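Residue numbers (our numbering), protein chains in the order written: chain A, 17 to 282; chain B, 8 to 314.
Step one of this worksheet: look at the structure below.
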Amino acid sequence: MAALIARVVPIPPVRGRGWLLVERNLMVYRHDWLVLVSGFFEPLFYLLSIGVGIAPLVGNFQVGGHAVSYPAFIAPAMLAASAMNGAIADTTYNLFFKLKYAKLYDAVLATPLRPVDIATGEICWALIRGGLYSAAFLLTMLALGLVFSWWAVLALPAAVLVGFAFAAAGMAGTTFMRSWQDFEFISLAILPMFLLSATFFPLSTYPPVVRLLVELTPLYHGVALLRALTLGTPSWQLLVSVAYLAAMAGVSLWVSSRRIGRVLLK
Amino acid sequence: MGALIEARGLTKRFDSFVAVAGIDVDVFRGEVFGFLGPNGAGKSSTMRMIGCVSPVSSGTLRVLGMDPAVDGPRIRARLGVCPQENWLDEELTVRENLLIYGRYFGLPRRTLADRAAELLAFVQLTDKADAQVADLSGGMKRRLTIARALVNEPEIMLLDEPTTGLDPQARHLVWDRLIQLRQEGVTLVLTTHYMDEAEQLCDRLVVMDGGTIVAEGSPLDLIRAHATREVVELRFVAGRQQALAAEVADLADRVEVLPDRVLLYTQDGDAAANAVHQRGLSPPGILVRRSSLEDVFLRLTGRTLVD
Numbered sequence: 017m018a019a020l021i022a023r024v025v026p027i028p029p030v031r032g033r034g035w036l037l038v039e040r041n042l043m044v045y046r047h048d049w050l051v052l053v054s055g056f057f058e059p060l061f062y063l064l065s066i067g068v069g070i071a072p073l074v075g076n077f078q079v080g081g082h083a084v085s086y087p088a089f090i091a092p093a094m095l096a097a098s099a100m101n102g103a104i105a106d107t108t109y110n111l112f113f114k115l116k117y118a119k120l121y122d123a124v125l126a127t128p129l130r131p132v133d134i135a136t137g138e139i140c141w142a143l144i145r146g147g148l149y150s151a152a153f154l155l156t157m158l159a160l161g162l163v164f165s166w167w168a169v170l171a172l173p174a175a176v177l178v179g180f181a182f183a184a185a186g187m188a189g190t191t192f193m194r195s196w197q198d199f200e201f202i203s204l205a206i207l208p209m210f211l212l213s214a215t216f217f218p219l220s221t222y223p224p225v226v227r228l229l230v231e232l233t234p235l236y237h238g239v240a241l242l243r244a245l246t247l248g249t250p251s252w253q254l255l256v257s258v259a260y261l262a263a264m265a266g267v268s269l270w271v272s273s274r275r276i277g278r279v280l281l282k
Numbered sequence: 008m009g010a011l012i013e014a015r016g017l018t019k020r021f022d023s024f025v026a027v028a029g030i031d032v033d034v035f036r037g038e039v040f041g042f043l044g045p046n047g048a049g050k051s052s053t054m055r056m057i058g059c060v061s062p063v064s065s066g067t068l069r070v071l072g073m074d075p076a077v078d079g080p081r082i083r084a085r086l087g088v089c090p091q092e093n094w095l096d097e098e099l100t101v102r103e104n105l106l107i108y109g110r111y112f113g114l115p116r117r118t119l120a121d122r123a124a125e126l127l128a129f130v131q132l133t134d135k136a137d138a139q140v141a142d143l144s145g146g147m148k149r150r151l152t153i154a155r156a157l158v159n160e161p162e163i164m165l166l167d168e169p170t171t172g173l174d175p176q177a178r179h180l181v182w183d184r185l186i187q188l189r190q191e192g193v194t195l196v197l198t199t200h201y202m203d204e205a206e207q208l209c210d211r212l213v214v215m216d217g218g219t220i221v222a223e224g225s226p227l228d229l230i231r232a233h234a235t236r237e238v239v240e241l242r243f244v245a246g247r248q249q250a251l252a253a254e255v256a257d258l259a260d261r262v263e264v265l266p267d268r269v270l271l272y273t274q275d276g277d278a279a280a281n282a283v284h285q286r287g288l289s290p291p292g293i294l295v296r297r298s299s300l301e302d303v304f305l306r307l308t309g310r311t312l313v314d
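Right under this line is the structure:
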């Protein structure tokens, strides 16, 4: 039956083979898995420093009518920010090196794989890795009593969505980079977002105009999403955040595939 | 039977620069076909188009009977590519390079384990199987690249300057392997700017210059058509070449003056050399040799440096 279908329907010899890039990256990290493990610690250090050091200075405050401790407020934001940072690191610096210097993808494109396979494969890898870190982080939050609702189960896919949006955007941006100097632009976009997207203090702190500006940033939506899920205060508004991040991921993935083809298939 | 590679008016443009200016090429199954030419002649651009990693600007190209613009992945599945700069995966070991490359072609792991071992033996890298690629010598990297290109048992192998930068031992080892592949029926397409390589390996070749084909045929055909049978090299004291060249001009079909010697292109080298002696010119150095592809090449593409 399968053979008959194969004969009647012209199935191309390769369908999405992006996961082969995941296989390749797994092969690399088998040599130095310590590098992989180190990724777990960065967000934990943030959480500990703020939870232990800063929380007592701040005390509780009100979010949507609930009293929330500072660590409970900040932990989901750290989760969103680390999903962003991990995704950006994997798809900018790492990708640029493979693209321009290691010539990895030139060799890959001499096989049946296509630019879209490279884009989806590398993003997939970034998400698997990011997903592991996010899961570990969520378990730590649970252990520290910072998870307040079963809605938090959705925090893992939500964190992966945040990673997806930033991985794809980072990749799209990287295909336009000419040299290492251009990466300053990425830091220029990431750092203010990390500090100001209602991560460390609530949105209500800002005057209305600035508030609007912050609400336009992708990290704001990531933080809003994860915070509502771990605090157990979901609302229909979150669907806007989900749509925003999904659209960002989709468009960026499309741009990335096109640009990788443009850059390498000259 | 039709050609495995068939190009008509094949052209590659980069903005206003024309890298390949409308060439016609046919490569048949089982032959070793060479693109010979100086740097910038358009060899690599042609190879990239054949390898389906560079879109054709105009003209037609069929590889294995298919159009690269439509069936790129399907064609690439049956090609083996050995790029000029290797492009090995430096984060992996020698064996892993073969394994993962085979996976890119969709081959099952079980098959690949055996094939990797065979290929490593074929290129004499078995004892380096677990070495990091970065630690290999240039010749070893080249051999690994050849092994990698063979992992999908290709029908056509594309080799861009397979021995550039290798020492003589490494070169001969690569040549031996290529000759062996040809005996096994693999069609080889290679670029080179080494004449001895083209003479040794190629059944048929085209000479490219400035994006066009300036000559084609077997190495022997080309020598017959574009050079005389023999060449007499006369070494004179520097500065006297020009004057002496005039005195021997009538002894050869063609005379070429180089900074350190005068070349006489002739059908009978010994006769010409004797005539030079009889005229009492007695140069300090005199050499009669068969003409080579190098003479053809320099004749066709000039001695000016193109870079």
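Each residue gets a CB set at the ideal place from its N, CA and C atoms; glycine is no exception.
These numbers come from a predicted model, not from an experiment.
#### Entry: Member of B:V262, B:D302, B:E254 whose CA lies at the smallest distance from the CA of B:H284
Its Cα nearest to that of B:H284, the residue B:E254 stands out among B:V262, B:D302, B:E254.
### Query
From which residue to which residue does the beta strand (DSSP E) around B:D168 run?
According to the sequence provided, residue 168 of chain B is Glu. The question's Asp does not apply to it. For B:E168, there is no enclosing beta strand (DSSP E), as DSSP marks it with neither H nor E.
### Message
Can you give me the C-alpha to C-alpha distance between A:T136 and A:L269, rounded to a whole angstrom?
### Response
Using only the alpha carbons, I get a separation of about 7 Å.
### Query
With 16 as the cutoff for other CB atoms within 10 Å, does A:H237 come out buried or exposed?
With 16 or more Cβ atoms within 10 Å of its Cβ, A:H237 is classed as buried.
### Message
Pairs of beta-carbons, one from the segment 187-204 of chain B and one from the segment 25-44 of chain B, closer than 8 Å: are there three or more?
### Response
Three or more pairs of CB atoms, one per stretch, sit closer than 8 Å, so the segment 187-204 of chain B contacts the segment 25-44 of chain B.
### Query
For B:A14, which residues does DSSP report across the bridge?
B:A14 pairs with B:V32, B:L68.
### Query
Is DSSP giving B:C59 helix, strand or coil here?
The answer is coil: DSSP assigns B:C59 none of H, G, I, E or B.
### Query
Hey, out of B:L271, B:V70, B:R116, whose CA is closest to B:R297's CA?
Taking B:R297 as reference, the option from B:L271, B:V70, B:R116 with the minimal CA-CA separation is B:L271.
### Query
A:M43 versus chain B: which residues are under 7 Å apart at the beta carbon?
Here the neighbours are L99, E103, I107.
### Message
Suppose you measure from the CA of A:G248 to the CA of A:A168; what does that come to, to the nearest Å?
### Response
Approximately 7 Å, taken between the alpha carbons.
### Message
Measuring only the C-alpha atoms, how far is B:E98 from A:N101?
### Response
About 23 Å.
### Start-end ranges of the alpha helix (DSSP H) lying completely within the segment 59-94 of chain A, minimum 4 residues
Complete alpha helix (DSSP H) runs here, min 4: 71-74.
### Sheet register partners of A:D179 (DSSP bridge)
The sequence shown places Gly at residue 179 of chain A, rather than the Asp named in the question. Answer is none; A:G179 lacks a bridge partner.
### Message
Quick check on the DSSP output: the beta strand (DSSP E) that includes B:E240 runs from which residue to which?
### Response
B:E240 -> beta strand (DSSP E) spans 237-242.
### Task
List the endpoints of the continuous alpha helix (DSSP H) containing A:Y260.
Segment 254-280, the alpha helix (DSSP H) holding A:Y260.
#### Entry: chain A contact residues for B:V326, given Cβ-Cβ distances below 7 Å
No information on residue 326 of chain B is available, as it lies outside the stretch 8 to 314 that chain B covers here.
### Query
Can you list, in chain order, the residues of the segment 154-175 of chain A whose Cβ is nearer than 8 Å to any Cβ on chain B?
Within the segment 154-175 of chain A, no residue qualifies.
### Query
Beta-carbon of A:W49 versus every beta-carbon of chain B: anything under 9 Å?
Chain B contact via Cβ: absent.
### Task
Establish whether the CB of B:E263 and some CB of chain A are separated by less than 9 Å.
Using beta-carbon distances, B:E263 does not count as an interface residue toward chain A, since no partner is under 9 Å.
### Contacts that B:V63 makes with chain A (C-beta to C-beta distance below 9 Å)
Simply none; closest approach about 12 Å.
### Query
Whose Cβ in chain B lies nearer than 7 Å to the Cβ of A:A118?
Residues of chain B with a Cβ closer than 7 Å to the Cβ of A:A118 are, in chain order, E97.
### Message
If I follow the unbroken beta strand (DSSP E) through B:R261, where does it start and stop?
### Response
Looking at the DSSP string, the run of the beta strand (DSSP E) that includes B:R261 is 261-264.
### Query
Which of the three DSSP states, helix, strand or coil, is assigned to B:Q190?
In this structure, DSSP gives B:Q190 a helical state, which the three-state scheme calls helix.
### Query
Cα-Cα, which of B:R116, B:F112, B:A120, B:R150 is closest to B:F129?
Ranking the options by Cα distance to B:F129, first place goes to B:R150.
### Query
Who are the Cβ neighbours of A:V38 in its own chain at under 8 Å, not counting the five residues just before and after it?
Contacts found: G137, C140, W141, I144.
### Task
Anything in chain B within Cβ reach of A:L36, meaning under 7 Å, just list it in chain order.
Result: R110, Y111.
### Message
Buried or exposed for B:L166, going by 16 or more other Cβ atoms inside 10 Å?
### Response
Buried, because 16 or more other Cβ atoms sit within 10 Å of the Cβ of B:L166.
### Message
Tell me which residue opens and which closes the beta strand (DSSP E) that B:D216 is part of.
### Response
Here the beta strand (DSSP E) through B:D216 covers 211-216.
### Query
Just reading off the beta strand (DSSP E) that B:Y272 is part of, what are its end residues?
Unbroken beta strand (DSSP E) run through B:Y272: 268-273.
### Message
Using a 10 Å radius around the Cβ and a threshold of 16 neighbouring Cβ atoms, would you call B:N281 buried or exposed?
### Response
Label assigned to B:N281: exposed.
#### Entry: Alpha-carbon spacing of A:K114 relative to A:A83, whole angstroms
Distance between the alpha carbons of A:K114 and A:A83 is about 48 Å.
### Task
Alpha carbon to alpha carbon, how far is A:L211 from A:M17? Give it in angstroms, no decimals.
Legend: pLDDT at A:M17 = 40, less than 50; position of this residue unreliable, value from coordinates given subsequently. Taking C-alpha positions only, A:M17 is separated from A:L211 by approximately 58 Å.
### Partners in chain B for A:R40, counting only beta-carbon separations shorter than 7 Å
Going along chain B in sequence order, the residues near A:R40 (Cβ under 7 Å) are I107.
### Query
Going by Cα to Cα distance, which pick from A:D48, A:A93, A:V53 is closest to A:A174?
Looking at the Cα atoms, A:A93 is the closest of the given residues.
### Buried versus exposed, by CB contacts within 10 Å (16 or more), A:P224
Exposed, because fewer than 16 other Cβ atoms sit within 10 Å of the Cβ of A:P224.
### Query
Leaving out the 5 sequence neighbours to the left and right, which residues in its chain are closer than 7 Å to B:D4 when beta-carbon positions are compared?
An answer regarding residue 4 of chain B cannot be provided, because it is not within the stretch 8 to 314 covered by chain B.
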